[in-house]
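Colleague:
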Amino acid sequence: MENQYCRVGSVKPITSGNQAIAVLEYRYQHFLEKASNMGNIDSRLADFFESKAQSIKRTLENLI
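Structure, rendered in structure tokens:
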């Protein structure tokens with residue numbers, strides 16, 4: 002019997018270059034939309050999404 006390796010929890014790195022920038026820009030916009038949608042429902046969750054968006058924005062600024 003051969004060993005089998007499970008991929009559960011594995012992380013696929015974001016590709017480099019223009020594709021990485023496009024993915025990060027999409028994620029940034031997505032988190033901003035989630036934050037604005039959650040603003041009236043749960044302010045702590047909205048703050049969390051805003052902090053994630055700001056983190057992605059800093060990463061984007063370092064790449065550009």
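So the sequence shown is numbered by the working numbering: it starts at 2 and just counts up by one. Even for Gly, the Cβ is constructed at its ideal location relative to N, Cα and C. Model, not experiment: these values are computed from the prediction.
Note the first and the last residue of the continuous alpha helix (DSSP H) segment covering Asp48.
Modeller: Ser44 to Leu64
Colleague: Is the beta carbon of Glu51 sitting closer than 8 Å to the one on Ala36?
Modeller: yes
Colleague: How would you label Ile57, buried or exposed, when you count the other beta carbons within 10 angstroms and need 16 or more for buried?
Modeller: Ile57 comes out buried.
Colleague: Would you report the Cα separation of Phe49 and Leu64, rounded to the nearest angstrom?
Modeller: 23 Å
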